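Those protein sequence lines, which keep their order, are chains A and B. Residue 99 in our numbering is what sits at position 16 of the first sequence, and the numbering runs on without skipping anything. Residue 195 in our numbering is what sits at position 112 of the second sequence, and the numbering runs on without skipping anything. Contents: one structure, followed by commentary.
There are 2 protein chains.
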Amino acid sequence: MNKYDSLTLKNQLCFPIYLCSKEIIRRYTPLLDDLDLTYTQYITMMYLWEHNTSNVKDISDALFLDSGTLTPLLKKLEAKDYITRTRSLKDERNLDVTITKKGLALRDKALSVPCEMGKCINLSEEEVKTLYSLMYKIVGNLSKEEE
Amino acid sequence: MNKYDSLTLKNQLCFPIYLCSKEIIRRYTPLLDDLDLTYTQYITMMYLWEHNTSNVKDISDALFLDSGTLTPLLKKLEAKDYITRTRSLKDERNLDVTITKKGLALRDKALSVPCEMGKCINLSEEEVKTLYSLMYKIVGNLSKEEE
DNA sequence: TCCTTTTTGGTTGTACGCAATTTAATTGTA
DNA sequence: TACAATTAAATTGCGTACAACCAAAAAGGA
């Protein structure tokens, strides 16, 4: 026990969270290869499967990604013909992002992914619930203090 | 309740983990600016504060980072005079990584960081313990199945 | 209406993060 | 001792991530 104990890796909470996130995404990669999606593209498609049409601002707010990440990512999804990108007529500042038929069809192919990931993570239902709420609690605390 | 429920953002466990990791690192950034370190550089220094001297392989195993990430990162730490990089005499394949006086001195400046981050995350001791063990459980499960 | 402010996306620059490949050094073995 | 196999770093290429900055469009007052 010394004054530097708080600066050891084993006493960090953030380090295992960071590890966990990275390792999970690494495990997603081979599953998502079949869909020709990266993890970030996958959660973007997930948002669009629910909303069909949206814009950069709303996607940014939902996924906590900024335009520097989204603009090139959406262009890639457009190149794969999973979405369309068009300036809004009502407000030319907005970019309408709409899922295509091909993008919508992808949802069926993706159905096996959550189940496969669940097997990898391998927690009990109780543990999943606990973890889920703790994660959102932290995210909430972090954004709260940014006033 | 429909067949696509497992593909909604709110039913993902991985998404809040991913968010949490990103948001935490974003909060670290201003704190680490004083030390002229990024988050990944910070955990690398943390490892070296404990071990004084190591090599790329051992750092890679401890931090779950590969040489493609570590090689340029260690060169940057060397440029800041926080570490030295020298080929091992015993085995020329290994690169010895050793902390410098300046790098060691940085530890005192870093002492306030864990406390500041703790305030941002703002969980009870009990919650921290639960979360910590769940995180390592997942990381363990994920690496277990890679046989 | 003119003009300031705000909002929305895009661009640029820096730093990961990892898969795949390469090179050099060492080890194991016939 | 040759030589194949293994190991450790480095390199390359692609895809995030985000801060900082920019430009165009819209909103809101005086």
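Even for Gly, the Cβ is constructed at its ideal location relative to N, Cα and C. Note that the coordinates shown come from a computational prediction; the quantities given were computed from them, not determined experimentally.
Assuming the contact rule is C-beta atoms closer than 8 Å, residue i and residue j should be a hit. Round their C-beta distance to whole Å, please.
{"i": "T127 (chain B)", "j": "I142 (chain B)", "result": "6 Å"}
{"i": "L90 (chain A)", "j": "P197 (chain B)", "result": "6 Å"}
{"i": "K28 (chain A)", "j": "L206 (chain B)", "result": "In the structure displayed, chain A extends from 84 to 230; residue 28 (chain A) sits before or after that span and is not available."}
{"i": "D138 (chain A)", "j": "D179 (chain A)", "result": "At residue 138 (chain A) the sequence reads Asn, which differs from the Asp that was named. So it is a contact: roughly 6 Å between Cβ atoms."}
{"i": "Q124 (chain A)", "j": "K159 (chain A)", "result": "7 Å"}
{"i": "L146 (chain A)", "j": "Y130 (chain A)", "result": "6 Å"}
{"i": "C203 (chain B)", "j": "N224 (chain A)", "result": "7 Å"}
{"i": "S104 (chain B)", "j": "S104 (chain A)", "result": "4 Å"}
{"i": "R168 (chain B)", "j": "E161 (chain B)", "result": "5 Å"}
{"i": "W132 (chain B)", "j": "Y87 (chain A)", "result": "7 Å"}
{"i": "Y165 (chain B)", "j": "L189 (chain B)", "result": "6 Å"}
My output table needs one value for residue i: the three-state DSSP class, helix, strand or coil.
{"i": "Y165 (chain B)", "result": "coil"}
{"i": "S143 (chain B)", "result": "helix"}
{"i": "T136 (chain B)", "result": "strand"}
{"i": "R176 (chain A)", "result": "coil"}
{"i": "L51 (chain B)", "result": "Beyond the ends of chain B as shown, which are 84 and 230, falls residue 51 (chain B); an answer cannot be given."}
{"i": "S171 (chain A)", "result": "coil"}
{"i": "D191 (chain A)", "result": "helix"}
{"i": "Y87 (chain A)", "result": "coil"}
{"i": "T121 (chain B)", "result": "coil"}
{"i": "L96 (chain A)", "result": "coil"}
{"i": "D116 (chain B)", "result": "helix"}
{"i": "L217 (chain A)", "result": "helix"}
{"i": "L148 (chain A)", "result": "coil"}
{"i": "E230 (chain A)", "result": "Residue confidence for E230 (chain A) is low, a pLDDT of 48 falling below 50, so the modelled location carries little weight; the figure read from the coordinates is stated next. Reduced to three states, the DSSP call for E230 (chain A) is coil."}
{"i": "K158 (chain B)", "result": "helix"}
Could you tell me which residues DSSP pairs with residue i in its beta bridges?
{"i": "I182 (chain A)", "result": "A:I166"}
Classify residue i as buried or exposed, calling it buried when 16 or more other Cβ atoms lie within 10 Å of its own Cβ.
{"i": "P99 (chain A)", "result": "buried"}
{"i": "L96 (chain A)", "result": "buried"}
{"i": "M84 (chain B)", "result": "exposed"}
{"i": "E106 (chain A)", "result": "buried"}
{"i": "R110 (chain B)", "result": "buried"}
Segment contact, 8 Å Cβ cut-off, at least three pairs: the stretch 187-198 of chain A with the stretch 110-125 of chain A: yes
Sufficient close CB pairs (3 or more, under 8 Å) joining the stretch 220-229 of chain A to the stretch 175-191 of chain A: no
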